[in-house]
Amino acid sequence: GAVVSQHPSWVICKSGTSVKIECRSLDFQATTMFWYRQFPKQSLMLMATSNEGSKATYEQGVEKDKFLINHASLTLSTLTVTSAHPEDSSFYICSVSETTYEQYFGPGTRLTVT
Amino acid sequence: AQSVAQPEDQVNVAEGNPLTVKCTYSVSGNPYLFWYVQYPNRGLQFLLKYITGDNLVKGSYGFEAEFNKSQTSFHLKKPSALVSDSALYFCAVRGSGNYGQNFVFGPGTRLSVLP
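First to last, the protein sequences are chains A and B. Heads up, the final residue of the first sequence is numbered 225 in the numbering used here, and it's a clean run with no missing numbers. Heads up, the final residue of the second sequence is numbered 122 in the numbering used here, and it's a clean run with no missing numbers.
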């Protein structure tokens, strides 16, 4: 399956600052990538679908001005958490899909906002 | 709207014994079903999928799952558990429509294999 990387794997930032998370598809040109959020001991929740060259599609309840997504190329999507607050602390995971079936996930980025 | 239930938060099994992690689903139309495993502070690893065809699906690391349409279930099984199988397991379903927006995960089941 597709190989997906994320950077950084772990980041700590102060409240009010912005953090950028990168998601790269290493061996596959992904026109679509997905961003998920996972709270401790909980399942994944889809935040948004990132489309190369166009605006992302956000799930209901996800603030698009807070979670900025840029899918500038077929191998890179970025998620920027703007003006981060402690409640934004979470595990963020991206994924790609080679077909219309399974998705392949990155290793995740743990964000801690102090 | 589709949904996935994993009725057990935790499953404990002795090493060498068979294991089962349960999953039931609700979806309109034909379901596409998946199992993923997550190790601590890692992303999800794909184990297996059911799209169509044989109800018994074989996947990675000796895992298999059986699709049961009448019971709307897709239980994950392994004949002989290993300590290294200890992890968090997620069942997911994808129904009709745009595949991204309709990819829904269950709450997860933590599997502990005891030596």
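Even glycine gets a Cβ: it sits at the ideal position worked out from N, Cα and C.
Asked	Found
Please list, in chain order, all residues of the same chain as Ile-123 (chain A) whose beta carbon is under 7 Å from its beta carbon, the five residues on each side excluded.	Thr-223 and Thr-225
Can you check which of these residues, B:Gln-78, B:His-82, B:Arg-101 and B:Glu-22, is closest to Phe-70 (chain B) by C-alpha distance?	B:His-82
State the Cα-Cα distance for the pair Pro-122 (chain B) and Ala-21 (chain B), rounded to the nearest angstrom.	6 Å
Can you pull the chain B neighbours of Gln-171 (chain A), defined as C-beta to C-beta under 7 Å?	Result: empty, since nearest Cβ-Cβ is about 10 Å, beyond 7 Å.
Report the residues of the region 47–62 of chain B with a CB closer than 7 Å to any CB of chain A, ordered along the chain.	Asn-48, Arg-49, Gly-50, Leu-51, Phe-53, Lys-56 and Ile-58
Return helix, strand or coil for Tyr-106 (chain B), following the three-state DSSP convention.	For Tyr-106 (chain B), the pLDDT reaches just 48, beneath the cut-off of 50, and the residue's location in the model is therefore unreliable, although a value from the coordinates is still provided. Note: Tyr-106 (chain B) maps to coil in three-state DSSP.
Could you compute how far the alpha carbon of Tyr-169 (chain A) sits from the alpha carbon of Gly-60 (chain B)?	34 Å
Using the C-alpha atoms, what's the distance from His-196 (chain A) back to Leu-190 (chain A)?	15 Å
So Arg-135 (chain A) contacts chain B; which residues on that side make the cut at Cβ distance below 8 Å?	The premise fails here: Arg-135 (chain A) is roughly 13 Å from chain B at the closest Cβ pair, so nothing lies under 8 Å.
Should Thr-143 (chain A) be labelled buried (16 or more other beta-carbon atoms within 10 Å of its own) or exposed?	buried
Alpha carbons only, please: which of B:Ala-99, B:Lys-65, B:Ala-88 and B:Gln-13 is nearest the one belonging to Tyr-215 (chain A)?	B:Ala-99
Using a cut-off of 7 Å between C-beta atoms, extract the partners of Ser-201 (chain A) located in chain B.	Those within 7 Å of Ser-201 (chain A) in chain B number zero; the least Cβ separation is about 13 Å.
Does the CB of Tyr-39 (chain B) have a neighbour CB from chain A at under 8 Å?	yes
Using a Cβ-Cβ distance under 8 Å, would Phe-97 (chain B) count as near chain A?	yes
Hey, quick one: how far does the beta strand (DSSP E) through Phe-202 (chain A) stretch, first residue to last?	201–207
Once the 5 residues before and after Arg-221 (chain A) are set aside, which same chain residues still bring their CB inside 6 Å of it?	Trp-121 and Phe-202
Which residues in chain B have a C-beta closer than 7 Å to the C-beta of Pro-218 (chain A)? List them in chain order.	Arg-49 and Gly-50
Measuring only the C-alpha atoms, how far is Gln-198 (chain B) from Ser-91 (chain B)?	Outside the displayed range of chain B (8 to 122) lies residue 198 (chain B), so it cannot be described from this structure.
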